[in-house]
Each structure stands twice: as structure tokens, then as C-alpha cells.
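First up is the structure itself, then whatever we jot down about it.
In the UniProt record's numbering, the protein residues as written are 1 to 533.
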């Protein structure tokens, strides 16, 4: 089963308050405030179930799963998919879809039911799909560690393969599946892995609301055997502590009615229950965290003579080049989220007057005490003005400018609050000369409140940039030390030459929110002035 309901999900992130950057001087004061917050999105959780699905298997029932697609530039792109429900024509999928919605485009109905269609547009028998939407406006999450003891034996030649399902009351009065644990094979005393779900998903954020927990014995044919169940509340579950677990009887009502001496079908143990807040990027920004932004521009000789049309720095009759296009595309988005629109801009790889020594961290406005440029226009003006006064040289060393920003990020860690996060945007034309030093600098920076965005211009081989972007593998320094997290995002400009500039900006900024949140969570730093869970 493939569900492609077009619910206008947005694949955007909340990029807010990109503020002035780190330099060895005093930055202009930035008035706090949620600049650009009208562009923020909220999270919505979608729960999917199907009814009366077509039976596509000959000797058994169908094994359906649901796929969520989003329309991007006229094409349907897969976002996520549920688990497969074995031999089940009426599945309730445990996997939830979490998507972004603009505040002004929230779905008006909490639940919709639609007829499933075949590829030819005709109804897929009597098959229906129901999608229930719930806004995740409460950022509290609940983490549960569960176990069982002396559960009923259900398998003829073995023990049981138990798993748990958690339900909450739906708006229609029926129980709605919230979570399903993994299966623990061949045991009557299972210990399940701890799991975390949004509190609003489990009980709508209401601690006293009753929830139901059901224990099953897993069967590979989908005909899971019922072991028992019980009802409780999150408030009751919270009585469990690490040193004092909570024990709840698992009851099989049919057995209870038939057997006078029936006690229970085993014990479900709540080993621990903890409620915390799952802070978002927006929580940190609105809490007062400042994103300290710095731009670095490559002025090495490999870019070519800026007076010749073949140079990447050549400004054509239309007043642009790939560097300027990248600056405009990203900068115009960034400045809308900055309270004073003042940006420091650095250059590297050029010889500077009067002694013509090579520098890898110079202010492109030639004012080292005040390298701040006023908005994107200021960066463009400073960039254009500096071109005739410098000599393109080399090598292409990234490590000096990375280490420069990292020193300020290291100072921010002494505050022990989620008050500052540093971002370095590097625009370059190609091969890195000091790869070992750059790898080491990135690995060290991964321990700090800092991200690095690299936009590659021109048609060079950017394999080294892809290597630094640790999306597919963990980056290691030349000594073998691993980065504690991925902080580099690389985007080749050539892939975005013929698309709207907003598309480039979205790609460049895509990983930033999660990197900010990941760092502060790893440091156990809540947003400033945040409320306890």
C-alpha cells in the first residue's frame, strides 16, 4: 500500500537570527528577538491505519506498508515509510510520520479518511486509509524502560516472543496505537530496550489520562497471540524510579473469567520513567541563543585572474559571478534572520599590500578592527572593492580560518549556557592544500558550538569537500581521532545554477538546525530561561 496524500508538508527548517560573527573585536550589539519567526514551522505527527485493504497474496493476506511522499519541483519524493504489517488487511502502523507545517497551513481536520486508489484511478476495492494528525506543540518527551516477569507461555515448542503495544483513547472513543516495542525472542522474562515518545503522543500531555498497555506473543504469520493487558496513567508510571521499579499485573480478561484461581498472566515492570523536554532549534533561538556568523572567501590563484572572463572572480557585465551569486543566494536569506544585519567577511589565500604577504584570514574591507559589512550589499561592495588591491596566490588552506572561529567558539563554552553558536560559511573553488590540518581542525571544532558550511563554485573536483561532509561516514583526523558529530555541510554551486536562489539557500542551511540542537543536547544545556519538564 502506498499512500501519497498531498497534505502540503514543507521540507523547510526554521532558520532564525543569524547574528554577527566572531572576530577579535567588539561586535555591534544585537537586540534580541525572534526575527523572522513568521517563517517558522511546527511539527505535526501523522498516525496511519488502513481498513479493508486488497488481498494481494495467494496463500495468505497482504503485507502492507505505507510510504509518505512530498511533491518537490513537480516530482514526488519519498520522505519516510512505515514498518510492514504481516498478513494484515486492517493495519495500524506503529511508525509515526513527523513532518513540518507552516503555522498558517496547519491541517484543519485532525483526522481524514480517504478511499485508496489504484494506479488507474479506480478504487482499490473497499480499501481505506485514515490519517490522524496531532500538532506536537508540547516539547516534553517520556522515556520508558520496560521488562516482564513470568509471562504466559504461548508457543508449543518454546516459550514466548513477547512485545508490548501502547494505546491512548482516540477522539472517536477507540484505542489508538501509539508505540510498539521490539520483539524479545524465546523468553518469559523479557527486557525491552528503553524508548522515547512525545508525551503528547502517549497521553495528549495529560498525566492522568488512562492509557492501555497490551502484551502479545509474536507470530511470524501476523497472528500474534494475546498474553494480557492493563490500563494505567503516565502519572502512575512516573512512580517508577531506577531504585524502585513499578510492577503492574498483566491481565487476560477471558482467563480471568474462566479460572477462579486466576491471578495474572505475568508482571510488566516499569524499570524507570523519565519526562524531559525535547528542545527544538526554535526553542534555543527564542531562548536567546545567538548564531555568530562569519563568511570566508577563497582568493587563491586557481580562481584565475579576476580581470579575465574565465576567472571565477570575474565580474561580468551583469555585475555578478559565481561567488557573488552564492553570497546573494545565501546572504539574502541570512540577513532576514539577523537583527542588525552586520556580517564580518574574511578572505584567504591572497597576498596583501603593502608587503604582499599571504594571509588566510584577512578582513575584505581591510579594516581588521571592524570587519563588519552592512548586510549582503555591504559584503558585495567590500568584495568588489578588494579585488583590484590583492594578488591571488595560495595555497588553499582552510585550517587557519576554521581554527580562528573555533577559538571564539571555545571561549563560548566557558559560559556553560546555550547562548552562542558559531557558523563559518566558506566559499571556495576547489582542492584543499592543507587537508590533514583541516581534518584535524574540523574534528576539534566538532567538540565546540560550531558548524561549517562550504559552498563549492566552479567545476573542480570536490571529492575532498564531500569527504569533510560526514553524512555517509565519520570524519577522522590524520591521527585517527573521530569527530564527535558531523558539523560540515558541503553544497556544490554548479548543482544550483539553474534553480531559484532559495533552493540553494535551503540546501546550504538544511543541516544547521539539527547541528545546533545536537550540540546543546549533548552538552545537556537547555535553552536560556527554559521551564523544567
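Ideal Cβ placement from N, Cα and C applies to all residues, glycine included.
Residue 192 is classed as buried because its beta carbon has at least 16 other beta carbons within 10 Å across all chains shown. Distance between residue 100 and residue 436, taken at the CA atoms: about 39 Å. Per DSSP, the unbroken alpha helix (DSSP H) holding residue 438 starts and ends at 435–445. Every alpha helix (DSSP H) of 4 residues or more that sits fully in the stretch 225–254 is shown, in chain order, as 234–237. Residue 277 carries a strand assignment under DSSP once its states are collapsed to helix, strand and coil.
The stretch 385–392 and the stretch 420–439 do not touch, with fewer than three beta-carbon pairs separated by less than 8 Å. In the three-state DSSP reduction, residue 203 falls in the helix class (H, G or I).
When DSSP states are grouped into helix, strand and coil, residue 352 belongs to the strand group. Secondary structure at residue 66: coil, using DSSP grouped into helix, strand and coil.
With a 10 Å radius around the Cβ and a threshold of 16 neighbouring Cβ atoms, residue 152 comes out buried.
According to the DSSP assignment, residue 375 belongs to the alpha helix (DSSP H) that extends over 375–386. Taking residue 501 as the centre and dropping the five residues before and after it, the same chain places the C-beta of 329 closer than 6 Å to its C-beta, in chain order. The C-beta distance from residue 528 to residue 288 rounds to 4 Å, short enough to fall under 8 Å. Your pair residue 178 and residue 168 checks out as a contact, with CB atoms roughly 5 Å apart and the cut at 8 Å.
As computed with DSSP, residue 216 is found in a beta bridge with 163 and 226. Taking 7 Å as the cut-off, the beta carbon of residue 400 is found closer than this to the beta carbon of residue 360.
Taking all protein chains in view, the Cβ of residue 379 is crowded by 16 or more other Cβ atoms within 10 Å, so the residue is classified as buried. The continuous alpha helix (DSSP H) containing residue 503 extends over residues 501–509.
Residue 111 is bridged by DSSP to 132. With contacts defined by Cβ atoms closer than 7 Å, residue 442 and residue 493 do not form a contacting pair. Within a 10 Å sphere around the beta-carbon of residue 98 sit fewer than 16 other beta-carbons, which makes this residue exposed.
By alpha-carbon distance to residue 426, the top candidate from 75, 145, 230 and 324 is 324.
Assigned with DSSP and collapsed to three states, residue 117 falls in strand. Looking only at 134, 121, 351 and 74, the smallest Cα-Cα distance to residue 111 is reached by 134. Residue environment analysis places residue 249 among the exposed positions, since fewer than 16 neighbouring C-beta atoms fall within 10 angstroms of its C-beta.
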